[in-house]
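Quick note, the sequences are listed as chains A and B, same order.
Its first residue numbered 1, the first sequence is counted upward by one per residue in my numbering.
Its first residue numbered 212, the second sequence is counted upward by one per residue in my numbering.
Take a look at the structure set out below.
There are 2 protein chains.
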Amino acid sequence: MLRGEITTAIRRAVMQELAAVGYGRLSIEAVARRAGVGKTAIYRRWSSKLDLVLEVVSAAAGRRFPLPDTGGLRGDLEMVFLIMTRALGHPLAAQIVPDLLAEAARNPQIGQTLQRVLRANQRDIGGQVIGRAIARGELPPDTDLDLAVDLIVGPLYWRLAVSRAPLAAEDLPRLATVVAAALGVASQPVVPDEPDVQVPDVIVSTDSGGP
Amino acid sequence: MLRGEITTAIRRAVMQELAAVGYGRLSIEAVARRAGVGKTAIYRRWSSKLDLVLEVVSAAAGRRFPLPDTGGLRGDLEMVFLIMTRALGHPLAAQIVPDLLAEAARNPQIGQTLQRVLRANQRDIGGQVIGRAIARGELPPDTDLDLAVDLIVGPLYWRLAVSRAPLAAEDLPRLATVVAAALGVASQPVVPDEPDVQVPDVIVSTDSGGP
DNA sequence: ACACGTCGGGACGCAACCGTACCGTCCCTG
DNA sequence: CAGGGACGGTACGGTTGCGTCCCGACGTGT
Chain A
1 MLRGEITTAI RRAVMQELAA VGYGRLSIEA VARRAGVGKT AIYRRWSSKL DLVLEVVSAA
61 AGRRFPLPDT GGLRGDLEMV FLIMTRALGH PLAAQIVPDL LAEAARNPQI GQTLQRVLRA
121 NQRDIGGQVI GRAIARGELP PDTDLDLAVD LIVGPLYWRL AVSRAPLAAE DLPRLATVVA
181 AALGVASQPV VPDEPDVQVP DVIVSTDSGG P
Chain B
212 MLRGEITTAI RRAVMQELAA VGYGRLSIEA VARRAGVGKT AIYRRWSSKL DLVLEVVSAA
272 AGRRFPLPDT GGLRGDLEMV FLIMTRALGH PLAAQIVPDL LAEAARNPQI GQTLQRVLRA
332 NQRDIGGQVI GRAIARGELP PDTDLDLAVD LIVGPLYWRL AVSRAPLAAE DLPRLATVVA
392 AALGVASQPV VPDEPDVQVP DVIVSTDSGG P
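Following this line, the structure appears as structure tokens:
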């Protein structure tokens, strides 16, 4: 009969440790130390570091929730942005999410799990917002969902998780207005304005200059 | 008199090792092994792992370049997107950049360096594009540069570095059109459409459910 | 009241890596 | 052609973490 308080303490310690050192350097011993438990208590519950992290992160991030209908695309977008801001504004999430997303590029198991608990969720939400807007006649029926998700999630994720610049609550309505405008032209045909210009060669090199 | 070929080999090995295991797990011994050199050769050039990574990454990513003027905002954006796609399309960069950006959140030195070589560069480019568009009369003079950078960089970074979904070359013109539309309304006053709706509480929790 | 299972703690052998030191070799410079 | 410096390799003691095992203490359920 495993004691629930111990399990909870381990979960909390995993999140804190993930935020502090990242997945790559996470060690079972450090988790046990931080949780104030023996390593035995951890191995009694999870079989490995990967198993531990996947289960804890899934449990913490896997909550789905209904997205309220505000009656308009702009309002729906603002609602999504507000929720994203709250979620990524949590210090633990702001550290853990980018770290795991980077690790996902290298570890297929992590990639699958995040795909399931994060990005599928985002696609759901994007689908809801776009679907409603189409039903309202605010967007054409052939709106590209992938492009829409990029437009909705990209700027705010960049701001909150990468750039980490402060974002005032008053900025969200403006961002919603701007993204709504972008979505409005997403399915229009492209009208090229000027012929091609030579594109400079940009390659990440490994041998430029010396120390 | 340090031999340049050795330095180059170490640099290449650092990039490959960063891509393979990330900054957190990068070890000097693994770099030496991969480069086919002794640890001595590395310590003779750099004082520590942090020093090594910062110098190598700066040298590889710090190249600035002129952004050609295509004569229109939409074309300029497409040019930026093409350059970004090439840079982040490089397998090494696609692995290393998100990893270091996540690490930057916990290591101030890495944060400062990336700020200097990556984000300042992006702000420069964004400033060029927006400045030209303002001069052409395509955008109002009070366009918010921070918001513009989020809109330009966010969606493509999300797609290439986080979502990692395939992106056809034909998608870039459409993305440019869409982002240009977004920038066009970026400085317009916000017109609220519907009064507030209750916002559901979303918090990343550490104690939801058990294994 | 008793017995069983979980608890924290400690120890185990093994592996990886740290940063330094010392080899003998090779190449470049003067 | 002689000298010096950088080279790859190896070994060093010390630290950290792995996954397992055993211990005595606790506490819970019957």
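A virtual CB, placed ideally from N, CA and C, is assigned to each residue, including glycine.
Item, Value
"Say whether chain A places a C-beta atom closer than 9 angstroms to the C-beta of B/T324.", "no"
"Tell me whether B/S419 sits in a helix, a strand or coil according to DSSP, three-state version.", "Since pLDDT at B/S419 reaches only 37, below the 50 mark, its modelled position is unreliable, and the value read off the structure follows with that caveat. DSSP places B/S419 in coil when its eight states are reduced to three."
"Is any beta-carbon of chain A found at less than 9 angstroms from that of B/A231?", "yes"
"List the residues of chain B whose Cβ lies closer than 7 angstroms to the Cβ of A/S163, in chain order.", "R330"
"Pick out the complete alpha helix (DSSP H) segments inside the segment 104-150 of chain A, 4 residues or longer, and give them in chain order.", "108-114, 120-136"
"So which residues of chain B does A/A169 contact, with C-beta pairs closer than 9 angstroms?", "In chain order: nothing, as chain B lies at least about 12 angstroms away."
"Measuring only between beta-carbons, confirm whether B/Q320 sits less than 9 angstroms from chain A.", "no"
"Please report the Cβ distance between B/A387 and B/L288, rounded to the nearest whole angstrom; I am assuming they are in contact, meaning their Cβ atoms lie under 8 angstroms.", "4 angstroms"
"Since I believe B/V389 is in contact with A/L151 (beta carbons under 8 angstroms), could you give me their beta-carbon distance rounded to a whole number of angstroms?", "7 angstroms"
"Between the C-alpha atoms of B/V248 and A/A161, what's the straight-line distance to the nearest angstrom?", "37 angstroms"
"Can you pull the chain A residues whose beta carbon is under 7 angstroms from the beta carbon of B/Y254, in chain order?", "Per Cβ cutoff of 7 angstroms: no residues; B/Y254 is ~12 angstroms from chain A at best."
"I believe A/F81 touches A/L156 by the beta-carbon criterion, under 8 angstroms. Please report the beta-carbon distance rounded to the nearest angstrom.", "6 angstroms"
"Mapping DSSP to helix, strand and coil, what is A/P98?", "helix"
"Quick check: the segment 4-14 of chain A against the segment 28-44 of chain A, are there 3 or more CB pairs under 8 angstroms?", "yes"
"Taking Cβ positions only, does B/L394 come closer than 9 angstroms to chain A?", "yes"
"Within the same chain, show all residues whose beta-carbon is closer than 6 angstroms to that of B/A344, passing over the 5 residues directly before and after it, in chain order.", "L284, L350"
"Following the continuous alpha helix (DSSP H) through B/T296, name the residue where it begins and the one where it ends.", "284-300"
"By Cβ distance below 8 angstroms, which residues in the same chain neighbour B/I341 in space, the five residues on each side in sequence not counted?", "L350, T354, L356, A359, L394"
"From what residue to what residue does the alpha helix (DSSP H) around A/T70 run?", "That residue, A/T70, is in no alpha helix (DSSP H); it is neither H nor E in DSSP."
"Report, in whole angstroms, the separation of the C-beta atoms of A/P56 and A/R11, which I expect to be a contact under 8 angstroms.", "At residue 56 of chain A the sequence reads Val, which differs from the Pro that was named. Correct: roughly 5 angstroms between the Cβ atoms."
"Run through chain A and tell me which residues come within less than 9 angstroms of B/V242, C-beta to C-beta.", "Going along chain A, no residue has its Cβ under 9 angstroms from B/V242, so there is no contact; the nearest lies around 13 angstroms."
"For chain A, is any of its Cβ atoms less than 9 angstroms away from the one on B/D335?", "no"
"Does the count of Cβ pairs from the segment 293-304 of chain B and the segment 237-247 of chain B closer than 8 angstroms reach three?", "no"
"Within 10 Å of its beta-carbon, does B/L311 have 16 or more other beta-carbons around it, so buried, or fewer, so exposed?", "buried"
"Label A/A168 either buried or exposed according to how many other C-beta atoms from any shown protein chain fall within 10 Å of its C-beta, with 16 as the threshold for buried.", "exposed"
"Specify the secondary structure class of A/M1 as computed by DSSP and reduced to three states.", "coil"
"Pick helix, strand or coil for A/I203, following the three-state DSSP scheme.", "Because A/I203 carries a pLDDT of 48, less than 50, the predicted location of this residue cannot be relied on, and no value is offered for it."
"Quick one: measure Cβ to Cβ for A/V97 and A/Q122, integer angstroms, because I've assumed they're closer than 8 angstroms.", "Not a contact, Cβ separation roughly 12 angstroms."
"Are any of the Cβ atoms in chain A nearer than 9 angstroms to that of B/G235?", "yes"
"Classify A/A30 as helix, strand or coil using the three-state DSSP reduction.", "helix"
"Run through DSSP, which three-state label would A/T170 get?", "The amino acid occupying residue 170 of chain A in the given sequence is Glu; Thr does not appear at that position. Residue state, collapsed to three classes: coil."
"Let me know if A/A105 comes out buried or exposed under the rule of 16 or more other beta-carbons within 10 Å of its beta-carbon.", "buried"
"Which class does B/R223 belong to by DSSP, given the choice of helix, strand or coil?", "helix"
"Let's see if you can read the secondary structure: which residues bound the alpha helix (DSSP H) around B/L261?", "260-272"
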